[in-house]
Amino acid sequence: MRLVLKGLTLINPDQKLNSKSDLLIEDGKIKKIGDLTKEELKDAEILELEGKYCAPGFFDMHIHLREPGREDEETVVTGSNAAAAGGFTGVACMPNTDPTTDSAEVVRFIKEKAKNHLVDVFPIGAASVDRKGESLAPIAEMFDAGAVAFSDDGVAIKTASLLRSVMEYSLMYDAPIIEHCEDESLADGHMNEGETSTFLGLPGIPTVAEDLTVMRDIIMAEYTGARVHIAHISSKNAVDLVRQGKKKGIKVTAEVAPHHFTLSEESLKGYNTNFKMNPPLRTRDDVEAMIEGLKDGTIDCIASDHAPHSIEEKEMEFIYAPNGILGLETQIGLACTELLHKKHLTLDQLVEKMAVNPRKILNIEVPKIAEGENANLTIFDPNEIWTVDISKFKSKSKNSPFDKKLLTGKSVAVINNSQLYFEGNFRKI
Amino acid sequence: MPLSSRHLLGLAGVPKEDIQLILDTAVTFREVLERPIKKVPTLQGKTVVNLFFENSTRTRISFELAQKRLSADTVNFSTSTSSTKKGETFKDTVRNIEAMKIDMIVVRHQSAGVPQFLTQISNAHIINAGDGRHEHPTQALLDMYSIKERLGKLAGLKVCIVGDVAHSRVALSNIFGLKAMGADVSVCGPPTLIPKGIESIGVKVIHDIDKAIAEHDVLNVLRIQLERKAGSSIPTTREYHNYFGITADRIEKNNKDVVILHPGPINRGVEISSEVADGPYQVILDQVTNGVAIRMAVLYLLGTMNN
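If you read the protein sequences in the order shown, they are chains A and B.
Residue numbers for the first sequence follow the numbering used here, so the first one is 1 and each next one is one higher.
Residue numbers for the second sequence follow the numbering used here, so the first one is 1 and each next one is one higher.
Quick look at the structure:
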């Protein structure tokens, strides 16, 4: 079938592309860019998208699909649906499943579940067996089965010696090691440590728990020559450490989650468990440092840390509630509202951090907007004003602190794998 | 004038007038406790549930006695297993108890914020009997009552909270309450027992116990939790006693007029010596008696409120 997208501004900083043009898509491929003839418009489905932007499909490199293990909270399919609804054509999912994604079998299982979906799902394999930090997981086998990176996400790789092994082993594949940076011995808490935790009587997790591990990992990356990617960076000092590391030429990259450039620990007053996540919400100073890091390129990309949890698990006494919030379906809105419209990032930078850089970090080809290429596109309206409504989420879970929040910026449609997601429905194109 | 809130979740943000009202009301009930028949019919027909998710002897007995002396019907629910392990969620437990038609819930829990959470899932009046290391408002109220009983006032007094401030629920409630009443509050202990950023709520931090005794009218001495002694906060209880313990020598040397409070249970020879615990400076057993009167006052004021 033929699909015509009219009135779009095409934007891809990776191709230095920024121009207004119509698009003709035929059988899932970009057939023509530019003015379309009557002949070409004939029998085509036409979407009027005046004022909207079209970028390479957005990519979220840090999400949790709860399959296998907790299919009541999210499955590969429902998580992929949420990704499409949120404006993403690709995701990388973390290995803290049950059983752990620490074998080629589980990697293949997830890939199999994701087959035929609009959204490309790239599993991240565990760095150690069962993420216990004791012995190397079968990194080569998982890589060959389709894993794109390795991580013990949820915890940092336990010991420096195992970290060294993982990093050295990963060199064979140039695969990044993604680290949840937290020194376990300092992390016996439920929110950021400081004035607010003292006021609320909640045990705190100090920023040094993050900083120390970021430092260890960067130093180890320098020593081994491996690539380390700092997941969900949240502390000001950690951003500084990454900045210094990059300056020295060490192969370190970093991502930040929307809640860490949007919310501060003040939100915890009231003990709403939808504000409980790890790393915890930090101070206003830290939030500003995240924005600064995004602006100067220290932080390479935005990733949601989409973490579905059941209602009954979140509606719990604060110290017993699990960490994490949904992210896929609010990410573009938060990024546009907090970064683009507040003039911290340009549209080009936003696309870099949400479509280009995550793929580069994971060695995945960045889709091109060019004739003859597969159409892998996110069409979004940075100016659409909408109200978050968790009851409309495609995710199986509802744990978002952003319900009822007014946001400016929304995905309009995504196209990939010869499928279109538009106005709430998937269609073959 | 009724209280401005239908719950007692903590003393943070509670207006001075409310605290004054509770302290004044407690005077009447304190008098009842001296009568041969220590019972009034005030809360007849009201049902109070004591929901204790953490071990407690004195606080639970004190609340229960207060309820009985007000003629309320009381039910105790005690468990030290967390709801996550038990299978039933906390919310379901509360909903079930609520369905039995109750008026008030007195709650103690390991997690800060549980009393606030209860207000969202129950229509009962909620009284916080200690949530995590957050607040224990009735303890602070009885401390204030006892100080006032001994020294005649609260405003302008200098009070120092000594010891394990970081893990204490008593410290925060005392700080909020005393400051609302116009007292000047400090905390004293080794830095490992002082929580980060406590200065931001308007208290001074000192690490010298002699100075603490010399410069304050009242010391509220917190319990050192012995199970923590092997931890990283203090090396040994002996060292703690030598550097921060309240002894008769220290009092005699620095300030003979100081009043000593302790929320109990006391560790003799650790945070306080026996001479002090039994001596003329302390009001420790008065605190216990006053506790019943304070809890009667709180139960009465909330239980007779028009909803």
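Glycine included, C-beta positions come from ideal geometry on N, C-alpha and C.
Would you mind reading off the limits of the beta strand (DSSP E) that contains residue i?
i, result
"VAL214(A)", "From DSSP, VAL214(A) is part of no beta strand (DSSP E) but of the alpha helix (DSSP H) over 207-224."
"LEU261(B)", "259-261"
"ALA92(A)", "88-93"
"ASN416(A)", "406-416"
"PRO123(A)", "120-126"
"ASN18(A)", "17-26"
"MET104(B)", "104-109"
"VAL49(B)", "47-52"
"PHE426(A)", "425-428"
"THR315(B)", "Residue coverage of chain B in this structure runs from 1 to 307, which leaves residue 315(B) outside it and unanswerable."
"GLU384(A)", "377-387"
Suppose the cutoff is 8 Å on Cβ atoms and the five residues either side in sequence are ignored; what does the same chain contact list for residue i look like?
i, result
"ALA180(B)", "LEU11, VAL14, PRO15, LYS16 and ILE19"
"SER135(A)", "SER128, VAL129 and LEU162"
In chain order, what residues of the same chain lie with their CB nearer than 6 Å to the CB of residue i, ignoring the 5 residues before and after it?
i, result
"LYS229(B)", "Summary for LYS229(B): the model assigns pLDDT 48, below 50, so the residue's position carries little reliability; its value from the coordinates is reported in the next sentence. Contacts found: THR237."
"ALA26(B)", "TYR145, ALA293, ILE294 and ALA297"
"PRO2(B)", "MET305"
"VAL106(B)", "ASN50, PHE63, ILE127 and ALA129"
"GLY444(A)", "Missing from the structure shown is residue 444(A); chain A here goes from 1 to 429 and no further."
"TYR271(A)", "PHE318"
"GLU50(A)", "GLY7"
For a contact defined as C-beta to C-beta under 8 Å, what are the partners of residue i on chain B?
i, result
"TYR53(A)", "What TYR53(A) touches in chain B: nothing, since even the nearest Cβ is about 41 Å away."
"GLU312(A)", "THR89 and LYS91"
Along chain B, in chain order, which residues have C-beta atoms closer than 9 Å to that of residue i?
i, result
"GLY69(A)", "Correct list: empty, because the minimum Cβ distance to chain B is about 18 Å."
"GLY471(A)", "Examination of residue 471(A) is not possible in this model, given that chain A is present from 1 through 429 alone."
"ILE390(A)", "Chain B residues near ILE390(A): none, gap ~17 Å exceeds 9 Å."
Can you give me the start and stop residues for the alpha helix (DSSP H) that residue i sits inside?
i, result
"VAL166(A)", "160-170"
"GLU179(A)", "Counting along the chain, GLU179(A) falls outside any alpha helix (DSSP H), though it belongs to the beta strand (DSSP E) covering 177-179."
"MET296(B)", "284-303"
"TYR145(B)", "137-151"
"HIS259(A)", "258-262"
"LEU23(B)", "16-32"
"VAL107(A)", "104-114"
"THR93(B)", "90-98"
"ALA149(A)", "Note, ALA149(A): premise wrong, no alpha helix (DSSP H); beta strand (DSSP E) at 149-151."
"ASN174(B)", "169-180"
"GLY200(A)", "Contrary to the premise, residue 200(A) reads as Leu rather than Gly in this sequence. It spans 195-200 - the alpha helix (DSSP H) in which LEU200(A) sits, taken as one unbroken run."
"LEU334(A)", "331-335"
"ASN272(A)", "No alpha helix (DSSP H) holds ASN272(A); DSSP gives it neither H nor E."
"ARG69(B)", "58-69"
"LEU294(A)", "284-295"
Using a Cβ-based criterion (distance less than 7 Å to any ligand heavy atom), does residue i qualify as near the ligand SAH?
i, result
"GLY372(A)", "With respect to the ligand SAH, the structure offers nothing, as it holds no ligand at all."
List the residues of chain A whose Cβ lies closer than 8 Å to the Cβ of residue i, in chain order.
i, result
"SER200(B)", "GLU195, THR198 and PHE199"
"ARG169(B)", "GLY201"
Output needed for residue i: all residues of its chain with C-beta closer than 7 Å, excluding positions within five of it in sequence on either side, in chain order.
i, result
"LYS428(A)", "SER418 and GLN419"
"TYR173(A)", "PHE143"
"ARG284(A)", "SER264"
"VAL345(B)", "As displayed, chain B neither begins before 1 nor continues past 307, which places residue 345(B) out of reach and without an answer."
So with CB distances below 7 Å, who are the chain A contacts of residue i?
i, result
"LEU172(B)", "GLY201"
"PRO195(B)", "THR198"
Starting from the N-terminal side, write out each stretch of the beta strand (DSSP E) that is 3 residues or longer and does not extend beyond the segment 39-76 of chain A.
Taken in chain order, the whole beta strand (DSSP E) runs of length 3 or more contained in the segment 39-76 of chain A are 45-48, 53-56 and 58-63.
According to a CB-to-CB cut-off of less than 8 Å, which residues of the segment 89-117 of chain B neighbour chain A?
THR89, PHE90, LYS91, HIS109, GLN110, SER111, ALA112, GLY113, VAL114, GLN116 and PHE117
Taking any Cβ of chain B, which residues in the segment 192-220 of chain A have a Cβ under 9 Å from it, in chain order?
GLU193, GLY194, GLU195, THR196, SER197, THR198, PHE199, LEU200, GLY201, LEU202, PRO203, GLY204 and PRO206
So if I threshold CB-CB distances at 9 Å, which residues from the segment 123-156 of chain B count as touching chain A?
ASP131, GLY132, ARG133, HIS134 and GLU135
Give me the subset of the segment 174-193 of chain A whose CB atoms are less than 9 Å from a CB atom of chain B, sorted by chain position.
HIS190 and GLU193
I'd like the ranges of any beta strand (DSSP E) spanning at least 3 consecutive residues and lying wholly in the segment 203-285 of chain B.
204-206, 218-221 and 259-261
Select from the segment 319-335 of chain A all residues with a C-beta closer than 8 Å to any C-beta belonging to chain B, and list them in chain order.
ILE319 and TYR320
Continuous alpha helix (DSSP H) assignments of at least 4 residues falling wholly in the segment 232-259 of chain A
236-247
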